[in-house]
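Chemist: Can you read through this structure? Questions will come right after.
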Amino acid sequence: MAHELTNRFNDLMSNGDDFFSNFGRSFFSNFDGSLKEMKSDIKETDKDYTLVIDVPGVDKKDMTIDYKDGILTVSAKRDSFSDESDSEGNIVASERSYGRFARQYNFENVDRDGIKAKCENGVLTIVLPKTEEEISQTSHIQID
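This is the structure we're talking about:
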């Protein structure tokens with residue numbers, strides 16, 4: 000009986016050790032740059048798809064959108080940001096990221112010539128009208 004209680008206690012503590020050892024990593028991993036994941040929402044109607052992507056801090060001139068063979072590719076880059084250090088050069092925390100990011104989405108039977116994109120307030124919205132036939136040509140989409 001005492002041995003069984005000891006085993007249960009050891010199991011509980013070893014699971015607790017895992018929890019506390021990973022706490023910092025898992026908690027702060029959400030703050031390493033939201034652009035890396037290009038978080039998005041997709042809405043579908045009978046007529047089109049609407050893709051909404053968060054792209055905070057990215058200028059539309061630094062984004063490209065291409066559609067080829069049913070695959071929409073969204074690429075973006077964010078250049079380095081201004082130094083926020085104090086007069087002595089100390090930075091307490093730096094969580095903003097910069098670099099190149101890309102994500103692909105599968106949208107079949109899209110009218111490539113009708114694709115529209117706009118970017119406002121760090122949100123990229125792409126509307127992809129549906130078509131009955133599959134078109135297999137490459138198209139570069141301009142962002143308004």
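Using numbering that gives the first Met the number 0, you'd call the opening residue of the sequence shown number 0 and step up by one each time. Don't be surprised by glycine CBs; every beta carbon is placed ideally from N, CA and C.
(1) Is D40 helix, strand or coil by DSSP?
(2) So what's R99 in DSSP terms, helix, strand or just coil?
(3) What does a CB cutoff of less than 8 Å around D78 pick up in its chain, not counting 5 residues either side in sequence?
(4) What does a CB cutoff of less than 6 Å around T72 pick up in its chain, not counting 5 residues either side in sequence?
(5) Alpha carbon to alpha carbon, how far is H139 from D40?
(6) Among all the DSSP beta bridges, which residues are the ones paired with D53?
(7) Determine the DSSP secondary structure at K129, reduced to helix, strand or coil.
(8) Do the CB positions of K129 and D110 come within less than 9 Å of each other?
Modeler: On the basis of the supplied data:
(1) Here residue 40 is taken as the residue at index 41 of the sequence shown, counted from 1. Residue state, collapsed to three classes: strand.
(2) Counting from 1 along the sequence shown, the entry for residue 99 is found at position 100. DSSP places R99 in strand when its eight states are reduced to three.
(3) For this step, residue 78 is matched to residue 79 along the sequence shown. Contacts found: D61, Y97.
(4) Start at 1 with the first residue of the sequence shown, and residue 72 comes out as number 73. Same-chain partners within the cutoff: D65, Q103.
(5) Locating residue 139 in the sequence shown gives position 140, where the first residue counts as 1. Locating residue 40 in the sequence shown gives position 41, where the first residue counts as 1. Each residue's Cα considered, the two are about 21 Å apart.
(6) Numbered from its first residue, the sequence shown carries residue 53 at position 54. Paired residue(s): V122.
(7) By one-based count along the sequence shown, residue 129 stands at place 130. Looking at K129 - three-state DSSP - the assignment turns out to be strand.
(8) For this step, residue 129 is matched to residue 130 along the sequence shown. For this step, residue 110 is matched to residue 111 along the sequence shown. Yes, the pair counts as a contact, with Cβ atoms nearer than the cut-off.
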